[in-house]
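What follows is a set of notes on a single structure, which appears directly below.
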């Protein structure tokens, strides 16, 4: 599990503290758009800097779920 995802408080490039989590669906197969099944795509979360657009961390939805489960225990 990627515990480092929760450790960022500022951007490593510009030092800004304006960081935002975003999501994206990525095609992980060679299947054409419009013919995809759920097992052909993956949900990713990425942490980006609002000031310089640097991507600081990318983690899968499974890792996010594990982090949330661990935090609620």
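In the numbering used here, the protein residues as written are 127 to 199. Positions of the beta carbon are idealized from the N, C-alpha and C atoms, including for glycine. The structure presented is a predicted model; accordingly, all values stated were derived computationally and were not measured.
Identity of the residues DSSP links to residue i by a beta bridge
i           : result
residue 160 : Note: residue 160 sits in no beta bridge, so no partner.
residue 168 : 152
residue 175 : 145
Supposed contact pair residue j and residue i - C-beta distance, whole angstroms, cut 8 Å
i           : j           : result
residue 150 : residue 172 : 7 Å
residue 152 : residue 168 : 5 Å
residue 142 : residue 176 : 7 Å
Which listed residue (the options) has its alpha carbon closest to that of residue i
i           : options            : result
residue 144 : 196, 181, 156      : 181
residue 137 : 188, 178, 155, 192 : 178
residue 147 : 197, 192, 174, 154 : 174
residue 139 : 193, 155, 183      : 183
Beta-carbon proximity check, residue i vs residue j, cutoff 8 Å
i           : j           : result
residue 170 : residue 195 : no
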